[in-house]
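Peer 1: First residue of the sequence shown: 0, per numbering that gives the first Met the number 0; consecutive thereafter. Before we start, here is the structure in question, set down as structure tokens.
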Amino acid sequence: MEFQESQTYKNLQNLYLMKLITGAKYQIYADKARDDGYIQIGNIFDVTAGNEIEHAIIWLRRLNNGVLPNTLTNLLESSQSDINLVELQQEYANVASTEGFEDIASLLYGIANIDMNHDLRFRTLAENVQNNEVFCKEETTLWVCTVCGNIMGGDCAPEICPICGYPQAYYQTFTERF
């Protein structure tokens with residue numbers, strides 16, 4: 000039997016999603032515990048959330064022949080997830096509006112709009128990866144080191160930051176506008 004056609008594969012897919020949901024839920028609970036004055040409990044929720052995310056990583060690796068999907072695959076999957084969420088939230092907003100819950104409909108439409116922006120961001124980043132334009136652009140660009148804050152201009156980010164010595168991976172385009 001092919002692994003991807005097995006019930007075990009489906010079970011691991013389900014566990015992967017459940018571990019992600021549980022990890023996110025525990026992160027919310029950690030913040031609430033700290034807001035309620037329970038710092039230690041918040042910290043325990045944080046540690047447990049990290050455990051749950053690590054379990055999700057284990058299952059994701061098993062679902063993908065022992066490796067995590069690469070960044071391009073993750074960007075494209077994230078884009079598709081956001082498109083699916085936009086459609087779902089718009090559908091739910093229509094239902095909420097029909098049922099007279101305009102405040103909820105408004106929130107659903109607003110969050111769907113945010114998810115459309117997420118989709119655009121992920122698609123743009125995927126194009127940058129595909130076209131080898133993450134650290135080099137066709138025009139002169141300002142680049143900022145996310146470690147030390149060094150800003151340099153050029154077609155490409157420096158291979159190594161001349162200030163802190165961190166590699167090019169820590170550079171991103173400088174886009175601050177105040």
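Cβ coordinates follow ideal geometry from the N, Cα and C atoms, glycine included.
Find the nearest neighbour of asparagine 127 within the set Tyr15, Glu1, Thr72 and Gly49, judged by alpha-carbon distance.
Peer 2: Closest by alpha carbon: Thr72.
Peer 1: Could you check if valine 85 is buried or exposed, using at least 16 other CB atoms within 10 Å of its CB as the buried criterion?
Peer 2: Valine 85 is buried by the Cβ-count criterion.
Peer 1: Whose CA, out of Asn63, Pro166 and Leu141, lies closest to the CA of arginine 176?
Peer 2: Looking at the Cα atoms, Leu141 is the closest of the given residues.
Peer 1: Does the beta-carbon distance from leucine 107 to tyrosine 91 come in below 8 Å?
Peer 2: Contact: yes.
Peer 1: Closest by CA to glutamate 138, which one among Cys147, Asn131 and Cys155?
Peer 2: Nearest of Cys147, Asn131 and Cys155 to glutamate 138, Cα basis: Cys155.
Peer 1: Give me the DSSP bridge partner(s) of threonine 172.
Peer 2: Paired residue(s): Trp142.
Peer 1: Where does glutamine 6 land, buried or exposed, given buried means 16+ other C-beta within 10 angstroms?
Peer 2: Glutamine 6 comes out exposed.
Peer 1: Across which residues does DSSP place glycine 153 in a beta bridge pair?
Peer 2: The partner list for glycine 153 (beta bridge, DSSP) reads Thr140.
Peer 1: From glutamate 76 to glycine 36, what does the alpha carbon distance come to, in whole angstroms?
Peer 2: Their Cα atoms are separated by approximately 38 Å.
Peer 1: With three or more beta-carbon pairs closer than 8 Å as the criterion, would you say the segment 43 to 62 touches the segment 8 to 21?
Peer 2: Cβ pair count under 8 Å is three or more, so yes.
Peer 1: When burial is assigned at 16 or more other CB atoms within 10 Å of the CB, is lysine 18 buried or exposed?
Peer 2: Classification for lysine 18: buried.
Peer 1: Going by C-alpha distance, which of Ile103, Ile57, Asp114 and Ser96 is nearest glutamine 79?
Peer 2: Here the closest residue by C-alpha is Asp114.
Peer 1: Would you kindly work out how many angstroms separate the C-alpha atoms of serine 257 and aspartate 102, rounded to a whole number?
Peer 2: Residue 257 is absent from the structure shown; the chain starts at 0 and stops at 177.
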